[in-house]
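*Asks:*
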Amino acid sequence: MKYTEEDLKEELEGKEYEFGFTTDIESDRAPNGINESIIRFISAKKEEPEWLLEYRLNALKVWQEMVEPEWAHVTYKKPDFQNISYYSAPKKKKELKSLDEVDPEILKTMERLGISLEEQKKLTGVAVDFVIDSVSVATSFKEKLGELGIIFCSFSEAVKEHPELVRKYLGTVVPTGDNFYAALNSAVFSDGSFCYIPKGVKCPMELSTYFRINDSGTGQFERTLVVADEGSYVSYLEGCTAPSRDENQLHAAVVELIALDDAEIKYSTVQNWYPGDKNGKGGVFNFVTKRGICYKNAKISWTQVETGSAITWKYPSCILKGDNSIGEFYSVAVTNNHQMADTGTKMIHIGKNTKSTIISKGISAGQSHNSYRGLVKIGKGASNARNFSQCDSLLMTDRCGAHTYPYIECENSSAHLEHEATTSKIGEDQLFYCKQRGISEERAISLIVNGYAKEVLNKLPMEFAVEAQKLLEISLENSVG
Amino acid sequence: MSQTILKVNNLQAEIDGKEILKGINLEVKAGEIHAIMGPNGSGKSTLSSVLAGRDEYEVTGGEVDYLGMDLLDLDPEERAWEGLFLAFQYPVEIPGVSNINFLKTAMAERAKHKGLDPISAKDFLTMVKEKSALVELNDKLKNRSVNEGFSGGEKKRNEIFQMAMLEPKLSILDETDSGLDIDALRIVANGVNTLKSDDNATIVITHYQRLLDYIVPDFVHVLYNGRIIKTGDKSLALELEERGYDWLIKDFA
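Right under this line is the structure:
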């Protein structure tokens, strides 16, 4: 897929949030509110086994005892948790056997998102799982992956088809009581993706999930579980969009990654939930818990491009449990208008000779606030642990804010830690220099910003990198001042 | 008769309410090299900034005709598309953007706005090879980020390399000689001389006569206190070198 200047121009013409359409699909939703009977309703709807219902009910109890955290550098009106519908699914009439049976409205949605499954199949060889509101709609390439023993399906399907795997790993990296939103998710999660790569298998294609909140007044609580068995490899992509709405929508997901001995997981996210309008009305509250655990010689790499959401609260982390394991975090977070993002990572070094790298690039525009918050923790037994952290902030206006909260806790004196941080403002001089060479302002901003974020964008798979670049451009239009 | 490229008539400009240019008159024809000299603070850099369209400066009077167009009515990038090039006194660094990508983007934008086909990748690379040789620009610098970590001399050579790639109609060199050692000066001057043709014109803004040993001007203008107070041929530059500016300035102080 070639991306030309013309395509870019076309993209730039749609100045408003581009993915602000809703899809007219009949949906099946739970009444608003959260209590035991709602949990039972969700579990019954999904025809879940008893153990999972118990898991949910326990989580509800834990959640009810917890209070919403307030330490993040964000301000918002707390959601009324009793005024949200915790389950909304496109009405399904029968089992889907092939793409032809998918609701044409949904296919249309996918086309508008530029990820027509047909096209994806032909052009990129990406296997896609597509989650609207709460339910996974179609998973392509399942058979081809099946030949290698790779399981890639919706979470509910995994519960039915592979309950032993789900039960073994669910909640092992992000336990129910980990935090307020993780507990909420554990009680009400409706769907998501599940992926298992067997021993020694290198997954031959990028696995990809697109999440979309469609119905109004709903929250989305998806659950993702990726298990890479010994010596396996997988690259997993996740994209998110939501329609423009005046109200705030809640998204509280949990992602758990398990990289067993010698395995490698590369997890990339392009997050473009609706950010609210330019006056700060509406937008998605994105409260997400993402964490992975690395066993011996394993590696987990998180790459994220965050441009959406009114509020972001998200810290993809790595527990480096096994000796010689490696954790990486590459992030570009853009905030514009009234958006607020508090994002970063935790690298928990437990095993010997563990290594971690953190590259965080914040870009603030408008009146937004963009915070990096990170923890590097070196445990007592983590001899010869190494960390390199770089946290850069770029300011586009004189009304926005960039904040950095790096924490280091070190209990082993053989550790080697490096931290670098810079803050810069996009220069009138840089813009004028570009213009004098014939590069228009919008193009110049995109050039400068992409240059600034290059180290992170380079980590994304090819087709995602192009999408991410476009997103950065669209998010930052007319933002210098 | 040669084509008139630039005609500046009674140009006045100010910054933050302070008047800097107080009525500049200047005519530049194709095939000509003009040198603008003058002591510090006379308005030399302001003149180049105003001609390139930097918006910190407010034009308060006068007109500028550029190839039959009202130059002051054009945005900076439009001026660039029409072939106006400014070699910066202090070239700007753009981290993460390779020199080559920067130039490719600039050329693609221009082609798009002029309704032309973009240059092919092959032709572009051939051109890069040829033009970088002109200013002896190290191969590695071409793929490095724009001006990042370049020495002073490398930055100035990079400006001339960009100028060579963009093939301007009117080049304005703003103190390109400042901070250059004698070898770099020779290389830069050689680049400028090679690029000179009957169709284009160059304005060389300089503080010292030194550069004019290498780039021989057709006209030398002395700018003082926002006005051109004397115009002559290259011998004027030599006279300035010998006698300084004081003998000229005293009548205008």
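The listed protein sequences derive, respectively, from chains A and B. In terms of the numbering used here, the first sequence has 28 at position 26, counting the first letter as 1, and numbering is strictly consecutive. In terms of the numbering used here, the second sequence has 11 at position 8, counting the first letter as 1, and numbering is strictly consecutive. Ideal Cβ positions, reconstructed from N, Cα and C, are used throughout, including at glycine. Note that the structure is a prediction, hence the values are computed from the model and not measured.
(1) Indicate the three-state DSSP secondary structure (helix, strand or coil) for E15 of chain A in the structure shown.
(2) Using alpha carbons as the reference points, say which of A:P318, A:N85, A:E266 and A:D431 lies closest to K298 of chain A.
(3) So, using beta-carbon positions, are L176 of chain B and V207 of chain B closer together than 8 Å?
(4) Mind checking whether N339 of chain A and G284 of chain A have CB atoms under 8 Å apart?
(5) Using DSSP with H/G/I as helix, E/B as strand and the rest coil, what is N250 of chain A?
(6) Return the CA-CA distance between S45 of chain B and E17 of chain B, expressed in angstroms with no decimal places.
(7) Helix, strand or coil: how does DSSP classify C402 of chain A here?
(8) Relative to the C-alpha of E224 of chain A, which candidate in A:H164, A:D263 and A:N288 has its C-alpha closest?
(9) State yes or no: is the beta carbon of G179 of chain A nearer than 8 Å to at least one beta carbon in chain B?
(10) Identify the residues that DSSP records as bridge partners of Y69 of chain B: which are they?
(11) Relative to the alpha-carbon of D344 of chain A, which residue among A:T309, A:L262 and A:T356 has its alpha-carbon at the smallest distance?
(12) Could you tell me which residues DSSP puts in a beta bridge with H371 of chain A?
(13) Shorter than 8 Å from the beta carbon of E35 of chain B to some beta carbon of chain A?
(14) Assess, as a yes-or-no matter, whether the region 303 to 317 of chain A is touched by the region 424 to 431 of chain A under the definition of 3 or more beta carbon pairs within less than 8 Å.
(15) Measure the Cβ-Cβ separation of Y276 of chain A and V286 of chain A and say whether it is below 8 Å.
(16) Quick one: using the 10 Å Cβ neighbour count with 16 as the cut-off for buried, is L226 of chain B buried or exposed?
(17) Thinking R160 of chain B and A136 of chain B are a contact (beta carbons under 8 Å), I'd like their distance in whole angstroms, please.
(18) Within a Cβ cutoff of 6 Å, which residues of the same chain sit near T205 of chain B, ignoring the five residues on either side of it in sequence?
(19) Are there any heavy atoms of the ligand NAP lying less than 7 Å away from the beta-carbon of E22 of chain B, as far as the coordinates show?
(20) Taking only beta-carbon atoms, is K21 of chain B less than 8 Å away from chain A?
(21) Could you tell me the distance, in whole angstroms, from the CA atom of Y409 of chain A to the CA atom of G99 of chain B?
(22) Do A55 of chain B and Q438 of chain A have their C-beta atoms within less than 8 Å of each other?
(23) In three-state terms, what does DSSP make of M130 of chain B?
(24) Would K461 of chain A count as contacting chain B if we go by Cβ distances under 8 Å?
(25) Report the three-state DSSP secondary structure of R160 of chain B (helix, strand or coil).
(26) With distance defined between alpha-carbon atoms, name the residue in A:Y89, A:T406, A:L186 and A:I260 nearest to S373 of chain A.
(27) Among B:G65, B:D216, B:Y211 and B:F222, which has the Cα closest to the Cα of N43 of chain B?
(28) Would you say I8 of chain B and K25 of chain B are within 8 Å of each other, going by their C-beta atoms?
(29) Under 8 Å Cβ to Cβ from Y57 of chain A, same chain only, skipping five residues before and after it: list those, please.
(30) With respect to the alpha helix (DSSP H) encompassing Q66 of chain A, which residues constitute its N-terminal and C-terminal limits?
(31) Determine which residues of the region 85 to 101 of chain B have a Cβ less than 9 Å from any Cβ of chain A, and write them out in chain order.
(32) How far does the alpha helix (DSSP H) with Q438 of chain A in it extend, from its first residue to its last?
(33) Measuring only between beta-carbons, confirm whether E80 of chain B sits less than 8 Å from chain A.
(34) Going along chain B, which residues have a C-beta under 9 Å from L474 of chain A?
(35) So A136 of chain B contacts chain A; which residues on that side make the cut at Cβ distance below 7 Å?
(36) Out of curiosity, what's the CA-to-CA distance linking E469 of chain A and I231 of chain B?
*Replies:* On the basis of the supplied data:
(1) As a position in the first sequence, residue 15 of chain A is number 13, starting the count at 1. Residue confidence for E15 of chain A is low, a pLDDT of 41 falling below 50, so the modelled location carries little weight; the figure read from the coordinates is stated next. E15 of chain A: helix per DSSP, three-state reduction.
(2) Sequence index remark: in the first sequence, residue 298 of chain A carries index 296 (1-based). The shortest Cα separation from K298 of chain A among A:P318, A:N85, A:E266 and A:D431 belongs to A:E266.
(3) Position 173 of the second sequence holds residue 176 of chain B. Position 204 of the second sequence holds residue 207 of chain B. Cβ distance < 8 Å, so L176 of chain B and V207 of chain B count as in contact.
(4) Within the first sequence, numbered from 1, the residue matching residue 339 of chain A stands at position 337. Within the first sequence, numbered from 1, the residue matching residue 284 of chain A stands at position 282. No, Cβ-Cβ distance for N339 of chain A and G284 of chain A is not below 8 Å.
(5) As a first step, residue 250 of chain A must be located in the first sequence, where it is residue number 248. Three-state result, N250 of chain A: strand.
(6) Your numbering for residue 45 of chain B matches position 42 in the second sequence. Your numbering for residue 17 of chain B matches position 14 in the second sequence. Here the alpha carbons of E17 of chain B and S45 of chain B stand approximately 13 Å from one another.
(7) Here residue 402 of chain A refers to the residue found at position 400 when the first sequence is read from its first residue. Here C402 of chain A sits in coil by DSSP.
(8) Against the first sequence, residue 224 of chain A aligns to sequence position 222. Ranked by how close their Cα comes to the Cα of E224 of chain A, the residues A:H164, A:D263 and A:N288 have A:N288 in first place.
(9) What you label residue 179 of chain A is simply residue 177 of the first sequence in a count that begins at 1. Chain B, which has no Cβ nearer than 8 Å to the Cβ of G179 of chain A, makes this no.
(10) Position 66 of the second sequence, counted from the start, is the residue given in the question as residue 69 of chain B. Y69 of chain B has B:L9 and B:M72 as its beta-bridge partners, per DSSP.
(11) Position 342 of the first sequence, counted from the start, is the residue given in the question as residue 344 of chain A. D344 of chain A has its Cα closest to that of A:T309, out of A:T309, A:L262 and A:T356.
(12) To locate residue 371 of chain A, count along the first sequence from 1; it is residue 369. DSSP lists A:M342 and A:G403 as partners of H371 of chain A.
(13) Here residue 35 of chain B refers to the residue found at position 32 of the second sequence. No - not a single Cβ of chain A is within 8 Å of the one on E35 of chain B.
(14) Too few Cβ pairs lie closer than 8 Å, so no.
(15) Against the first sequence, residue 276 of chain A aligns to sequence position 274. Against the first sequence, residue 286 of chain A aligns to sequence position 284. Taking a C-beta distance under 8 Å as the contact criterion, Y276 of chain A and V286 of chain A qualify as a contact pair.
(16) Taking the first residue of the second sequence as 1, we reach residue 226 of chain B at position 223. It counts as buried.
(17) Start at 1 with the first residue of the second sequence, and residue 160 of chain B comes out as number 157. Start at 1 with the first residue of the second sequence, and residue 136 of chain B comes out as number 133. About 12 Å separates the two Cβ atoms, so there is no contact after all.
(18) Counted from its first residue, the second sequence places residue 205 of chain B at position 202. Cβ within range, chain order: I36 and S174.
(19) As far as ligands go, the structure on display features none, and thus does not contain the ligand NAP.
(20) By 1-based counting over the second sequence, the position of residue 21 of chain B is 18. False, the Cβ-Cβ gap to chain A never drops below 8 Å.
(21) Position 407 of the first sequence holds residue 409 of chain A. Position 96 of the second sequence holds residue 99 of chain B. In this structure, the alpha-carbon of Y409 of chain A lies about 28 Å from that of G99 of chain B.
(22) As a first step, residue 55 of chain B is located in the second sequence; it is residue number 52 there, counting from the start. As a first step, residue 438 of chain A is located in the first sequence; it is residue number 436 there, counting from the start. Here A55 of chain B is near Q438 of chain A, since their CB atoms are less than 8 Å apart.
(23) Residue 130 of chain B sits at position 127 when you count from the first residue of the second sequence. Collapsing the DSSP output to three states places M130 of chain B in a helix.
(24) Your numbering for residue 461 of chain A matches position 459 in the first sequence. The beta carbon of K461 of chain A does not come within 8 Å of any beta carbon belonging to chain B, so the residue lies off that interface.
(25) Counting from one through the second sequence, the residue named residue 160 of chain B turns up at place 157. In the three-state reduction of the DSSP assignment, R160 of chain B falls in the helix class, which pools H, G and I.
(26) Here residue 373 of chain A refers to the residue found at position 371 of the first sequence. Nearest to S373 of chain A by C-alpha distance, out of A:Y89, A:T406, A:L186 and A:I260, is A:T406.
(27) Position 40 of the second sequence, counting from 1, holds the residue named residue 43 of chain B. Nearest to N43 of chain B by alpha-carbon distance, out of B:G65, B:D216, B:Y211 and B:F222, is B:Y211.
(28) One-based indexing of the second sequence puts residue 8 of chain B at position 5. One-based indexing of the second sequence puts residue 25 of chain B at position 22. It is not a contact, given that the beta carbons lie outside the stated cut-off.
(29) Start at 1 with the first residue of the first sequence, and residue 57 of chain A comes out as number 55. Counting only residues of its own chain and dropping the five nearest sequence neighbours on each side, Y57 of chain A has a CB closer than 8 Å to the CB of L172, G173, T178 and S188.
(30) Indexing the first sequence from 1 puts residue 66 of chain A at position 64. Following the DSSP letters along the chain, one finds Q66 of chain A inside the alpha helix (DSSP H) bounded by residues E52 to Q66.
(31) The residues in question are L87, F88, L89, F91, Y93, P94, V95, E96, I97, P98, G99, V100 and S101.
(32) If you number the first sequence from 1, residue 438 of chain A lands on position 436. Following the DSSP letters along the chain, one finds Q438 of chain A inside the alpha helix (DSSP H) bounded by residues E430 to Q438.
(33) Walking along the second sequence from the start, residue 80 of chain B turns up at place 77. For E80 of chain B, the nearest CB of chain A lies under 8 Å from its own CB, placing it at the interface with that chain.
(34) Your numbering for residue 474 of chain A matches position 472 in the first sequence. Within chain B, no residue has its CB atom less than 9 Å from the CB of L474 of chain A, the nearest being about 12 Å off.
(35) As a working mapping, residue 136 of chain B is identified with position 133 in the second sequence. Chain A residues near A136 of chain B: none, gap ~21 Å exceeds 7 Å.
(36) Here residue 469 of chain A corresponds to residue number 467 of the first sequence, with the count starting at 1. Here residue 231 of chain B corresponds to residue number 228 of the second sequence, with the count starting at 1. Distance between the alpha carbons of E469 of chain A and I231 of chain B is about 53 Å.
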